[in-house]
Amino acid sequence: TRVSKLIVEQISISDENFKSDMRMLRDLYINENFLNAYGGVPYDIDFKGWESTFVLQPEEAVKERHVINCERMNKAFAIHFSHVHMVKLYRRGAHPLDINEIKNRGKAIKVIMDEYRDQCKASSISL
Numbered sequence: 008t009r010v011s012k013l014i015v016e017q018i019s020i021s022d023e024n025f026k027s028d029m030r031m032l033r034d035l036y037i038n039e040n041f042l043n044a045y046g047g048v049p050y051d052i053d054f055k056g057w058e059s060t061f062v063l064q065p066e067e068a069v070k071e072r073h074v075i076n077c078e079r080m081n082k083a084f085a086i087h088f089s090h091v092h093m094v095k096l097y098r099r100g101a102h103p104l105d106i107n108e109i110k111n112r113g114k115a116i117k118v119i120m121d122e123y124r125d126q127c128k129a130s131s132i133s134l
């Protein structure tokens with residue numbers, strides 16, 4: 008996608024020591040505001056709510072097992088499904104799978120995102 012290409016470009020010009028997608032999005036956000044302020048061509052990315060709810064962790068997005076926090080998810084730009092945060096979700100008893108092995112993280116993420124689409128569809132229409 009277009010945003011993915013912008014992230015890859017940002018990686019090549021970034022001074023960050025640790026170049027994560029989250030940090031590259033932050034850099035794009037900062038650059039977008041700079042470009043808008045000085046008449047440059049912005050990236051045209053909807054950074055809705057960057058300041059307060061830009062990136063959620065899974066434990067903020069999932070209230071309990073198979074129950075999504077639609078209010079938080081609908082305001083987020085991204086959710087960071089890191090291994091560490093998926094383990095925290097598992098320890099809290101909110102992980103969507105019965106097992107928490109690293110090889111199942113992708114499957115767990117898919118379940119969470121499918122549940123988000125099912126549970127939060129009506130509440131996201133107004134955004």
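Under our numbering, residues 8 to 134 are what the sequence shown spells out, in order.
Cβ coordinates follow ideal geometry from the N, Cα and C atoms, glycine included.
Keep in mind that this is a model prediction, so the values were computed, not measured.
Self-check item: Residue range of the unbroken beta strand (DSSP E) whose run includes K12
Solution: K12 -> not in any beta strand (DSSP E); alpha helix (DSSP H) instead, spanning R9 to I20.
Quiz item: How long is the line joining the alpha carbons of V69 and H90, rounded to whole angstroms?
Solution: Whole-angstrom Cα-Cα distance: 15 Å.
Quiz item: In whole angstroms, what separates the C-alpha of D105 from that of R72?
Solution: Rounded to the nearest angstrom, the two C-alpha atoms are 10 Å apart.
Self-check item: Nonlocal neighbours in the same chain, by C-beta distance under 7 Å from D34, ignoring five residues either side
Solution: These residues qualify, in order along the chain: Q17 and S21.
Quiz item: So does the region 73-90 actually touch the region 108-127, counting three or more Cβ pairs closer than 8 Å?
Solution: Yes: the two stretches touch, three or more of their Cβ pairs being nearer than 8 Å.
Quiz item: Hey, out of P65, V94 and L32, whose CA is closest to E122's CA?
Solution: Taking the Cα of E122 as reference, the smallest distance to any Cα among P65, V94 and L32 is reached at P65.
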